[in-house]
Every structure is written in structure tokens, then in C-alpha cells.
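In our numbering, the protein residues as written are 43 to 189. The structure appears right after this line, and notes come after that.
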Ligand SMILES: [Zn+2]
């Protein structure tokens, strides 16, 4: 397995970066104005298409935190495409092209925002994963036949 394949298929979790950034905000190293500077489009997407979070906003403590998913990949705008429904999200998961889904949390009250996770998706990713697993299994099958 080549390292590039591992990187392309890996889910990247940004929770540690988020925690460190929040510590910097709480210590005053980063101003609230700087931390709560979400673009209008992101706040609007959070308000209309975002999924509700159970946890309160880490800045204003209100229950106004939402997750918004943007897809980046072939034939999509450079700024990505905001997923507006779970059906659309599922449809992208079964497409033959490779996409990366970025989940961003945004508070529709104080405009705090942070990237949470980057997840590869699309069918070609699944097909390749099956191929890699099949290649890994192949030598074991041969050994069993000899025994
Ligand atoms: Zn907030």
C-alpha cells in the first residue's frame, strides 16, 4: 500500500485543533471578534440547511450550533457545494467520482465556526478500498490452499 492512498482515503478529524483554538480564545490569545467571524453564506447555510447539534456553542453557550457539510471535487464549484438535504448527501456518496466532504460547525447566534472533519466519499473510493482488501486477502487464500 502506497502512503498516498492512505492519505487520500483517510478521515481527518480536527477536534484537537478545535480544542487548542478554543483554549487560545478562552485565554484571550485570540479575540472573540476573530473567532466569531463566519461568512454570511456559512451562517445562512447553517440556519437553513445545517443539522442541529446537541452540544451548546463553545463561545456563547446557546443551543444554536449547527453542522454544515460542503463537498469538494470534480464538476463542483471551487468554493464547494453545500449539501442541502440528507438525500443529496447520500447521492454524492454513491457517485463514481471522488469527493471530500468537509463538515463545519457554525453558531447561527455568535457566528463561531470551525472545521470538524474531512471525509472522503464517492463510489470510486469504495471500489478501490475493496480492491485493496481483495489484494490483501489474496496471499492468505493461496497459503490456505497449500496447507
Ligand atoms: Zn455561539
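Each residue gets a CB set at the ideal place from its N, CA and C atoms; glycine is no exception. Keep in mind the model is a prediction, meaning the values are calculated, not measured.
Using C-beta distances below 8 angstroms, list every residue in its chain close to residue i, excluding the 5 sequence neighbours before and after it, in chain order.
i, result
"residue 153", "78, 79, 80 and 85"
"residue 56", "156, 157, 158, 159 and 160"
Apart from the five residues on each side of it in sequence, which residues of its chain come closer than 6 angstroms, Cβ to Cβ, to residue i?
i, result
"residue 60", "156"
"residue 143", "111, 113, 161 and 163"
"residue 67", "77"
"residue 54", "160"
"residue 131", "125"
"residue 100", "64"
"residue 180", "Caution is warranted here: a pLDDT of 47 is assigned to residue 180, below 50, making its placement in the model unreliable, and no coordinate value can be reported."
Specify, as a first and last residue, the run of the alpha helix (DSSP H) that residue i falls within.
i, result
"residue 87", "82-91"
"residue 128", "128-135"
"residue 77", "74-77"
Checking the sheet assignment: what are the DSSP bridge partners for residue i?
i, result
"residue 143", "113 and 161"
"residue 149", "107"
"residue 61", "Partner(s): none; residue 61 has no beta bridge."
"residue 55", "159"
"residue 124", "112"
Rounded to a whole number of angstroms, what is the C-alpha to C-alpha distance between residue i and residue j?
i, j, result
"residue 72", "residue 63", "8 angstroms"
"residue 127", "residue 91", "7 angstroms"
"residue 168", "residue 69", "Here residue 168 scores only 49 on pLDDT, less than 50, and its place in the model is too uncertain to base an answer on."
"residue 134", "residue 141", "8 angstroms"
"residue 136", "residue 165", "5 angstroms"
"residue 103", "residue 151", "10 angstroms"
"residue 129", "residue 88", "17 angstroms"
"residue 117", "residue 83", "21 angstroms"
"residue 195", "residue 115", "Summary: the structure shown does not reach residue 195, with the chain confined to residues 43 through 189, and so no result is reported for it."
Can you give me the Cβ contacts of residue i inside the same chain, cut-off strictly under 7 angstroms, excluding the 5 residues immediately before and after it?
i, result
"residue 93", "108 and 109"
"residue 98", "104, 105 and 107"
Checklist entry - Is the region 102-110 close to the region 129-147, with three or more CB pairs under 8 angstroms? => result yes
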